[in-house]
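Novice:
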Amino acid sequence: MARREVAQTPEEQERAAAWRRGEAQAREHPVGTGPMARGATTEGASTEGASTEGASTEGAITGARAAAAGRAFAAFAENVRDYAIFLMDPSGTIMFWGEGARLIKGWTKVEAEGAHLRLLYPPGGSEDGTAEAHLAWAATYGEYTGEGPRVRSNGASFWASVAITALRDDDGSLLGFAKLSRDLTARRAAEALRLAAAEAAAIARTEAAAASAAKNGFLATISHEIRTPVNAMLGYTELLELELDGPLTAGQRRYLHSARASGHHLLALITQVLDFSHVDGAERASAPSAVPIADVVAEALALMAPAAAARGLEVADAVRGSPLALTGWGDMASVRQILGNLLDNAVKFSTARDGHAGRITVRAGAATRGPVTAQLTGTRPWVYVCVDDTGLGISADRLDAVFEPFVQADMRLTRTHGGLGLGLAISRRLARQMGGDVTGQSQAGAGATFCLWLPAAPVASPAQRTTERTSQRTTPGPDAAAPGRADEGDRTTMAGPTAGSTAGPLRAVAEAVLGELERILHVYVARLRTDPGTPSAHAIDEVQIEDHVASFLGNLAATLPSLGEATLHAGPGSAAEDPTGDVRDGAAIQRVVAERHGAQRARLGWSESELRREYTILREELTAAVQRRALRDRPRPTADADRQETAQALAVLTEFLALAERLSLTEHRVTVAARDTASARDPRA
2 MARREVAQTP
12 EEQERAAAWR
22 RGEAQAREHP
32 VGTGPMARGA
42 TTEGASTEGA
52 STEGASTEGA
62 ITGARAAAAG
72 RAFAAFAENV
82 RDYAIFLMDP
92 SGTIMFWGEG
102 ARLIKGWTKV
112 EAEGAHLRLL
122 YPPGGSEDGT
132 AEAHLAWAAT
142 YGEYTGEGPR
152 VRSNGASFWA
162 SVAITALRDD
172 DGSLLGFAKL
182 SRDLTARRAA
192 EALRLAAAEA
202 AAIARTEAAA
212 ASAAKNGFLA
222 TISHEIRTPV
232 NAMLGYTELL
242 ELELDGPLTA
252 GQRRYLHSAR
262 ASGHHLLALI
272 TQVLDFSHVD
282 GAERASAPSA
292 VPIADVVAEA
302 LALMAPAAAA
312 RGLEVADAVR
322 GSPLALTGWG
332 DMASVRQILG
342 NLLDNAVKFS
352 TARDGHAGRI
362 TVRAGAATRG
372 PVTAQLTGTR
382 PWVYVCVDDT
392 GLGISADRLD
402 AVFEPFVQAD
412 MRLTRTHGGL
422 GLGLAISRRL
432 ARQMGGDVTG
442 QSQAGAGATF
452 CLWLPAAPVA
462 SPAQRTTERT
472 SQRTTPGPDA
482 AAPGRADEGD
492 RTTMAGPTAG
502 STAGPLRAVA
512 EAVLGELERI
522 LHVYVARLRT
532 DPGTPSAHAI
542 DEVQIEDHVA
552 SFLGNLAATL
562 PSLGEATLHA
572 GPGSAAEDPT
582 GDVRDGAAIQ
592 RVVAERHGAQ
602 RARLGWSESE
612 LRREYTILRE
622 ELTAAVQRRA
632 LRDRPRPTAD
642 ADRQETAQAL
652 AVLTEFLALA
662 ERLSLTEHRV
672 TVAARDTASA
682 RDPRA
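So the number in my numbering is just where the residue sits in the sequence shown, counting from 1, plus 1.
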């Protein structure tokens with residue numbers, strides 16, 4: 002009891018007096034027998050006082066109301082457990098002590114009632130002030146609210162939220178104070194833990210950033226230091242080839258050629274490491290702008306063409322000539338580098354299959370939603386560029402790993418393909434810096450598809466672009482070549498044999514297809530996902546369903562105006578007669594796209610009947626689009642002429658679709674047969 006006999010501050014004196022009252026009560030009334038036992042109420046006293054006061058003032062009715070109010074308050078204060086509720090007189094002496102106050106603060110009614118408010122404060126007052134200061138504030142301003150440490154009966158400190166309210170009668174005289182408090186110890190501890198965790202996370206991020214910066218600095222320095230002697234070596238090999246110090250033998254030239262090739266390969270690896278350090282360190286400055294997809298694809302294919310030709314690969318550009326004029330939003334240099342990396346991988350890993358040369362196809366399109374695997378942070382809609390190859394493919398358990406730095410699909414020491422495994426890592430990081438991403442789809446033995454996703458940039462309407470492109474194509478400029486002598490490298494300024502006659506229903510059909518393209522694709526996908534004839538489409542995503550259809554329709558719309566009225570009136574069978582360069586190019590692209598579509602559907606497990614049903618749905622939606630818009634936007638002499646020309650235009654369109662369907666079915670059968678043959682040869686099958 003030594004701690005109870007020493008009272009150095011008013012707060013400690015109050016606690017000592019409270020303990021003495023409690024001990025005296027315990028001696029007079031054993032536990033659970035006295036009227037003021039722990040947890041007992043003062044209902045009787047309150048009622049009696051209230052009744053007496055009521056009888057002496059306003060009479061029996063007022064006294065009854067006061068008694069009821071006293072009982073109600075006592076019941077309220079005794080039954081609330083989460084808050085400490087008690088009353089004080091004008092001097093701050095506690096007159097009523099609720100059960101919630103006992104549970105939170107530990108003081109019994111006997112100990113607390115009669116003690117001053119400073120009973121609950123640490124010696125010298127709390128961090129938020131003394132008991133006297135808080136009472137004075139409440140008396141002056143009506144209420145005091147705050148937080149700070151308070152003391153329990155066992156001497157332990159806890160953090161409390163308090164509100165002290167001054168109670169006054171009708172005349173404004175101070176009757177006393179009511180106090181409501183709550184134990185915030187647990188919440189404060191949780192907040193402290195959260196702040197500590199946040200601080201630890203911030204320190205970890207700072208340390209990680211410092212380590213990453215040190216790593217990138219090391220890579221950049223080493224790459225730069227190695228690049229200097231490698232460049233010097235290549236320079237000396239060039240001097241040797243010039244035979245400045247005498248002629249070289251044929252054998253020496255072979256050795257020199259091998260040395261130069263190895264030097265250039267090493268230089269390429271060093272450059273890739275340096276690029277990775279710059280991208281990983283966010284050192285690359287970028288200026289977002291509109292990126293014309295067709296142009297950057299053409300540039301990338303031109304750079305890759307010699308390597309593809311050396312490996313005997315077929316390359317198909319399904320983007321060139323598309324009237325959609327797809328435009329992404331990002332950094333032009335970054336987009337070029339990404340496409341270069343994707344094409345370089347396609348050339349490196351594409352191989353001949355089933356007696357056919359390896360093939361690379363580049364296609365593009367637009368979508369309102371990206372694949373679930375993409376981490377897209379930009380603003381939709383999206384533009385995508387996909388590179389399909391016929392290589393060995395990547396197993397599902399390795400597909401995510403190939404996007405990590407210094408990782409390749411084949412990590413064996415005996416692998417036949419070189420490189421550091423940085424191309425896809427660099428490409429993905431560059432794409433994500435632009436708000437897009439790079440995604441991959443593949444399976445072992447079935448080739449691979451890697452797609453660059455970018456936010457779409459605002460562009461002119463499709464119909465407007467088609468009109469402008471057709472005008473440029475059919476209207477010779479002041480420097481146009483004479484007929485029959487046009488430069489084959491610049492077909493956009495060459496007047497075809499039907500120039501000036503394309504303003505008829507075929508162009509109207511083309512503009513209808515372009516103007517309704519988004520609606521066609523939306524309904525087409527929705528129908529395939531619900532049609533009982535295409536069950537394989539019910540569980541795949543939108544990008545897989547659309548596949549090459551957007552590119553096919555866009556190219557088809559670009560080809561139709563070039564056919565001219567002669568083809569229209571001669572009937573669909575003459576669509577391939579005397580074609581212009583644009584028609585030949587369009588037909589080649591449509592053939593490639595149709596074949597790729599059939600192969601893709603076979604790889605996804607579609608049956609021939611499902612593929613036929615798909616083309617039927619596509620035909621129906623195109624016909625509906627033409628009927629909605631084709632003849633609405635051009636002069637029409639008579640209703641009969643309208644119907645006749647619409648039927649003729651639809652016949653031409655149907656012929657194109659029929660040809661595409663035949664090509665898709667043929668490639669579908671070839672792919673299925675190859676798969677079945679491979680399964681038959683596999684001893685595990």
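Think of the CB as a built atom: it goes at the ideal place given N, C-alpha and C, for glycine as much as any other residue.
Assign residue 598 to one of two classes, buried (16 or more other C-beta atoms within 10 Å of its C-beta) or exposed (fewer than that).
Specialist: On the sequence shown, position 597 is the one that residue 598 refers to. Classification of residue 598: buried, given that the 10 Å Cβ count is 16 or more.
Novice: Terminal residues of the continuous beta strand (DSSP E) containing residue 88?
Specialist: Counting from 1 along the sequence shown, the entry for residue 88 is found at position 87. Start and end: 85 to 89.
Novice: Give me the Cβ distance between residue 329 and residue 458, rounded to the nearest whole Å; I'm assuming they're in contact under 8 Å.
Specialist: By one-based count along the sequence shown, residue 329 stands at place 328. By one-based count along the sequence shown, residue 458 stands at place 457. With a Cβ gap of about 6 Å, residue 329 and residue 458 count as contacting.
Novice: Are the CB atoms of residue 340 and residue 301 within a distance shorter than 7 Å?
Specialist: Numbered from its first residue, the sequence shown carries residue 301 at position 300. Numbered from its first residue, the sequence shown carries residue 340 at position 339. Yes, they are a contact pair.
Novice: Would you mind sorting residue 362 into buried or exposed? The rule is 16 or more other CB atoms within 10 Å of its CB.
Specialist: Sequence index remark: in the sequence shown, residue 362 carries index 361 (1-based). Residue 362 comes out buried.
Novice: If you draw a straight line from the C-alpha of residue 612 to the C-alpha of residue 595, how long is it?
Specialist: Numbered from its first residue, the sequence shown carries residue 612 at position 611. Numbered from its first residue, the sequence shown carries residue 595 at position 594. Straight-line Cα distance between these residues: approximately 11 Å.
Novice: Could you tell me whether the Cβ atoms of residue 525 and residue 622 are closer together than 7 Å?
Specialist: Residue numbering aside, residue 525 sits at position 524 when the sequence shown is read from its first letter. Residue numbering aside, residue 622 sits at position 621 when the sequence shown is read from its first letter. In contact: residue 525 and residue 622 (Cβ atoms closer than 7 Å).
Novice: Starting from residue 307, trace the beta strand (DSSP E) in both directions and tell me its first and last residue.
Specialist: Taking the first residue of the sequence shown as position 1, residue 307 is located at position 306. Note, residue 307: premise wrong, no beta strand (DSSP E); alpha helix (DSSP H) at 294 to 311.
Novice: What number of angstroms, rounded off, separates the C-alpha of residue 169 from the C-alpha of residue 124?
Specialist: Against the sequence shown, residue 169 aligns to sequence position 168. Against the sequence shown, residue 124 aligns to sequence position 123. Their backbone Cα atoms lie some 30 Å apart in a straight line.
Novice: Which of the three DSSP states, helix, strand or coil, is assigned to residue 271?
Specialist: Taking the first residue of the sequence shown as position 1, residue 271 is located at position 270. Residue state, collapsed to three classes: helix.
Novice: In this structure, does DSSP put residue 385 in helix, strand or coil?
Specialist: On the sequence shown, residue 385 is found 384 positions in, with the first residue counted as 1. It is a strand residue.
Novice: Could you check where the beta strand (DSSP E) with residue 318 kicks off and where it finishes?
Specialist: For the purposes of this step, residue 318 is taken as the residue at position 317 of the sequence shown. Per DSSP, residue 318 belongs to the beta strand (DSSP E) from 315 to 318.
Novice: Please determine, among 604, 645, 617, 618, the residue with the shortest C-alpha to C-alpha distance to residue 674.
Specialist: Here residue 674 is taken as the residue at index 673 of the sequence shown, counted from 1. Checking every option, the nearest Cα to that of residue 674 belongs to 604.
Novice: Say whether chain B places a C-beta atom closer than 7 Å to the C-beta of residue 448.
Specialist: The structure shown contains no chain B; it holds only a single protein chain.
Novice: Would residue 12 be called buried (16 or more neighbouring beta carbons within 10 Å of its own) or exposed?
Specialist: Taking the first residue of the sequence shown as position 1, residue 12 is located at position 11. Classification of residue 12: buried, given that the 10 Å Cβ count is 16 or more.
Novice: Check this for me: beta carbons of residue 456 and residue 380, under 7 Å apart or not?
Specialist: By one-based count along the sequence shown, residue 456 stands at place 455. By one-based count along the sequence shown, residue 380 stands at place 379. It is a contact, given that the beta carbons lie within the stated cut-off.
Novice: Examine the Cβ distances between the segment 342 to 360 and the segment 387 to 396 and report whether three or more of them are shorter than 8 Å.
Specialist: They touch, by the three-pair rule.
Novice: I think residue 344 touches residue 388, with their Cβ atoms under 8 Å apart; what is that distance to the nearest whole Å?
Specialist: Along the sequence shown, read from residue 1 onward, the residue named residue 344 stands at position 343. Along the sequence shown, read from residue 1 onward, the residue named residue 388 stands at position 387. 6 Å between Cβ atoms; contact.
Novice: Using 10 angstroms around the beta-carbon of residue 628, count the other beta-carbons present and answer buried if the total reaches 16, otherwise exposed.
Specialist: Here residue 628 corresponds to residue number 627 of the sequence shown, with the count starting at 1. When all chains shown are included, residue 628 counts as exposed.
Novice: Buried or exposed: residue 521, going by 16 or more other Cβ atoms within 10 Å of its Cβ?
Specialist: By one-based count along the sequence shown, residue 521 stands at place 520. Buried, because 16 or more other Cβ atoms sit within 10 Å of the Cβ of residue 521.
Novice: Would residue 85 and residue 107 be called neighbours here (beta carbons separated by less than 7 Å)?
Specialist: As a first step, residue 85 is located in the sequence shown; it is residue number 84 there, counting from the start. As a first step, residue 107 is located in the sequence shown; it is residue number 106 there, counting from the start. No; because the gap between Cβ atoms is not below 7 Å, this pair is not in contact.
Novice: Are the CB atoms of residue 600 and residue 672 nearer to each other than 7 Å?
Specialist: Within the sequence shown, the letter at position 599 stands for residue 600. Within the sequence shown, the letter at position 671 stands for residue 672. Yes. Within cutoff.
Novice: Which of the three DSSP states, helix, strand or coil, is assigned to residue 176?
Specialist: Looking up residue 176 in the sequence shown gives position 175. It is a strand residue.
Novice: Would the beta-carbon of residue 313 fall within 7 Å of that of residue 262?
Specialist: Position 312 of the sequence shown, counting from 1, holds the residue named residue 313. Position 261 of the sequence shown, counting from 1, holds the residue named residue 262. It is not a contact, given that the beta carbons lie outside the stated cut-off.
Novice: On a Cα-Cα basis, can you pick out the residue from 679, 614, 189, 560 that is closest to residue 657?
Specialist: Your numbering for residue 657 matches position 656 in the sequence shown. Ranking the options by Cα distance to residue 657, first place goes to 560.
Novice: In three-state DSSP terms, what is residue 435?
Specialist: Mapped onto the sequence shown, residue 435 falls at position 434. Coil at residue 435, not helix or strand.
Novice: Under a Cβ-count criterion, where at least 16 other Cβ atoms within 10 Å of its own Cβ denotes burial, should residue 112 be classed as buried or exposed?
Specialist: Indexing the sequence shown from 1 puts residue 112 at position 111. By the 10 Å Cβ count, residue 112 comes out buried.
Novice: Rounded to a whole number of angstroms, what is the C-alpha to C-alpha distance between residue 385 and residue 398?
Specialist: Against the sequence shown, residue 385 aligns to sequence position 384. Against the sequence shown, residue 398 aligns to sequence position 397. Residue 385 and residue 398: Cα-Cα distance of roughly 24 Å.
Novice: Are the Cβ atoms of residue 162 and residue 148 separated by less than 7 Å?
Specialist: The count along the sequence shown starts at 1 and reaches residue 162 at position 161. The count along the sequence shown starts at 1 and reaches residue 148 at position 147. A contact, by the Cβ cut-off of 7 Å.
Novice: Spatial neighbours of residue 207 within its chain, please: C-beta separation below 7 Å, excluding the five flanking residues on both sides.
Specialist: The residue given as residue 207 occupies position 206 in the sequence shown. Counting only Cβ-Cβ distances below 7 Å, and skipping sequence neighbours, we find nothing.
Novice: Just the Cα atoms here: how many angstroms apart are residue 650 and residue 513?
Specialist: To locate residue 650, count along the sequence shown from 1; it is residue 649. To locate residue 513, count along the sequence shown from 1; it is residue 512. Rounded to whole angstroms, residue 650 to residue 513 spans 12 Å at the Cα level.
Novice: Taking just the CA atoms, how far does residue 523 sit from residue 504?
Specialist: On the sequence shown, position 503 is the one that residue 504 refers to. On the sequence shown, position 522 is the one that residue 523 refers to. The pLDDT assigned to residue 504 is 42, lower than 50, so where the model puts this residue is not dependable; a value taken from the coordinates is nonetheless given after this. Rounded to whole angstroms, residue 504 to residue 523 spans 28 Å at the Cα level.
Novice: Pick out whichever of 369, 364, 518 has its Cα sitting closest to the Cα of residue 451.
Specialist: Your numbering for residue 451 matches position 450 in the sequence shown. If we check each option's Cα against that of residue 451, 364 comes out closest.
Novice: Rounded to whole angstroms, what's the CA-CA distance from residue 571 to residue 265? Just pull it up for me.
Specialist: By one-based count along the sequence shown, residue 571 stands at place 570. By one-based count along the sequence shown, residue 265 stands at place 264. Bear in mind that the predicted position of residue 571 carries a pLDDT of just 47, short of 50, making it unreliable; the figure below should be weighed with that in mind. Straight-line Cα distance between these residues: approximately 58 Å.
Novice: Please report the residue range of the alpha helix (DSSP H) in which residue 350 lies.
Specialist: As a position in the sequence shown, residue 350 is number 349, starting the count at 1. Here the alpha helix (DSSP H) through residue 350 covers 333 to 350.
Novice: If you run the structure through DSSP and keep just helix, strand and coil, what is residue 152?
Specialist: In the sequence shown, the residue the question calls residue 152 occupies position 151. Three-state result, residue 152: strand.
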